[in-house]
Amino acid sequence: MGLGSAKEMLEKAAAGGYAVGQFNINNLEWTKAILQTAQAANSPVILGVSEGAGKYMCGFKTVAVMVKAMIEEMNITVPVALHLDHGTFEGAVKCIKAGFSSIMFDGSHYPIEENIAKTTALKNACDVLGLSLEAEVGAIGGEEDGVIGGGELADPAECKQVADLGVTMLAAGIGNIHGVYPANWKGLNFEVLSAIHEAVGGKPLVLHGGTGIPDDMVKKAISLGVAKINVNTECQLSFQQATRAYIEAGKDQTGKGFDPRKLLAPGTQAICDKVLEKMQLFGSVGKA
Ligand code: 13P
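At position 113 of the sequence shown (counting the first as 1) the number is 943 in the working numbering, and the numbers step up by one without a gap.
Given below as structure tokens:
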């Protein structure tokens, strides 16, 4: 199956009571780890690319070509979507041109009318090209690529307005925060999530800030219409810890020369383990 829109995988997830993970990529190793794990777990997967990560990887075109080639060379047959994460309008246009299969336009910081106008324009383009589109209402807290969100709770009526535009999926602020949750975090607001779920009539919902949300809250969110869950920080932390342990144990100092592939191997394996753990929690294993 390979690269495609996220529409079918999310509609199946919403109907089946599980969620598909979006894992953010930063380079070839992360991409390889996530694709390899999805294939082994027979799970659909979404590769998220922030604008910052896209820039780091030499532009969206490079990312799209790399991911397409990897899917072919690695014989990946599970459904994979290549998705712009928290895109600006301009970034979304670039990713559409570069060959991404899925786009997130984050218009949550605009007044709702402007968010709707810009989302509508992108929705029309995505429809023509068969791409999936994620819209956002109510900013997600924490920091994402330098943008600080205030942890707003989305307004269910506004969520309905945006869902009714015909977007594929909707990210709505329900107290979730990017990055590590502070000790005094109040948790997800299930009252607001239930009201949104009801208002949008079964439209797949997206939970950002998947790092560190307790398992029972994740499962409850899935039961209330969340069909896509984004995880980034937890993979970064796992990579960092495994790499540090390898260096601190002096394993990079074998006296036989420096091999970057060996240095990256423990961190890459840690990403595989983390991604599998999340796929098991989200219930997407075996659902490809
Ligand atoms: P975390 O970094 O908190 O896992 O959130 C990821 C995310 O929501 C990407 O959009």
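Even for Gly, the Cβ is constructed at its ideal location relative to N, Cα and C. Computed from a prediction, not measured in an experiment: that's the story for all the values here.
Residues near residue i by beta carbon distance below 7 Å, same chain, minus five either side
i	result
N856	A883 and Y886
G921	E881 and L914
A1051	L1018, L1023 and L1037
C1119	Since the first and last residues shown for the chain are 831 and 1118, residue 1119 lies out of range.
D1045	L1111
Y848	I1052, F1112, G1113, S1114 and K1117
K1104	E1064, C1065 and S1068
M1047	G1017 and L1018
Beta-carbon spacing of residue i, residue j below 8 Å
i	j	result
A1072	Q1110	no
V997	V967	no
L961	F935	no
N854	N1014	no
M999	K927	no
L983	G1003	yes
A947	L1106	no
P909	M831	yes
L833	V897	yes
P874	V850	yes
E964	A987	no
N1060	Q852	yes
T949	G937	yes
P1090	Y1076	no
Residue i beta carbon near the ligand 13P (any heavy atom closer than 7 Å)
i	result
V1048	no
H913	no
T1063	yes
G878	yes
T1041	yes
N854	yes
G1009	yes
H1038	yes
H939	no
N872	no
H1027	no
N1060	yes
Close Cβ partners of residue i (< 6 Å) along its chain, the five nearest in sequence each way excluded
i	result
A836	I876, A911, S932 and S962
K1092	none
Local Cβ density within 10 Å of residue i, reported as buried at 16 or more and exposed below that
i	result
M839	buried
S1012	The question names Ser, but residue 1012 in the sequence shown is Pro. Counting Cβ neighbours within 10 Å, P1012 comes out exposed, since fewer than 16 surround it.
K1016	exposed
Proximal residues to residue i (C-beta, below 8 Å), its chain only, five neighbours per side dropped
i	result
M904	K862, L865, Q866 and Q869
G1055	A844, L1023, I1026, H1027, V1030, G1032, K1033, P1034 and L1035
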